[in-house]
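Reviewing the structure listed below.
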Amino acid sequence: MPEAFSVVITTLGLAEIAAALAAGTTISLDNFSVGDGGGVYVEPDVGQTTLVNQQYIAALSLVEVNANYTNQILCSGTIPRTSGGWWVREVG
217 MPEAFSVVIT
227 TLGLAEIAAA
237 LAAGTTISLD
247 NFSVGDGGGV
257 YVEPDVGQTT
267 LVNQQYIAAL
277 SLVEVNANYT
287 NQILCSGTIP
297 RTSGGWWVRE
307 VG
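Using the numbering used here, read the sequence shown as starting at 217 and increasing by one per residue.
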């Protein structure tokens, strides 16, 4: 059975993007966080400002514009296996 994933840019995120565009500045993406959704599926919501149940946060190791799709930003980070024991159901 194929898995379904969805991503939303939150209302707060859109406001940050609009402000940066208007000012001619950039947005710095420094960290990522992951959560287990409290043990249940989490439907992304544009009004969210936090994860439902954050389990881990760390610095991003890569942030770059996708060379093939310039409207996409590639972000990468590592979760050490010693931080496991839960399912990733949400990312921010």
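Where is the CB? At the ideal position from N, CA and C, for every residue including glycine. Nothing here was measured: the structure is a model prediction, and the numbers come from that model.
> Is E306 buried or exposed, if buried means 16 or more other CB atoms sit within 10 Å of its CB?
Replying inline: Classification of E306: buried, given that the 10 Å Cβ count is 16 or more.
> Straight-line CA distance for P296 to A239?
Replying inline: Cα to Cα, the separation comes out at about 38 angstroms.
>> For a test of the three-state rule: what should DSSP assign to Q306, helix, strand or coil?
In response: One detail in the question is off: residue 306 reads as Glu in this sequence, not Gln. Note: E306 maps to strand in three-state DSSP.
> What's the gap between the Cα of A275 and the Cα of T266?
Replying inline: Distance between the alpha carbons of A275 and T266 is about 17 angstroms.
> With a Cβ-Cβ cutoff of 8 angstroms, do S249 and Y272 count as a contact?
Replying inline: Note that the C-beta distance between S249 and Y272 is below 8 angstroms.
> What are the start and end residues of each continuous beta strand (DSSP E) run of 3 or more residues lying completely inside the segment 254-303, in chain order?
Replying inline: Taken in chain order, the whole beta strand (DSSP E) runs of length 3 or more contained in the segment 254-303 are 270-275, 278-281 and 289-292.
> With distances taken from CA atoms, which of I243, G254, V224 and L290 is nearest G263?
Replying inline: Comparing Cα positions, the closest option is V224.
> Which value, in whole angstroms, describes the spacing of the CA atoms of G251 and I243?
Replying inline: Straight-line measurement puts the Cα of I243 at about 23 angstroms from the Cα of G251.
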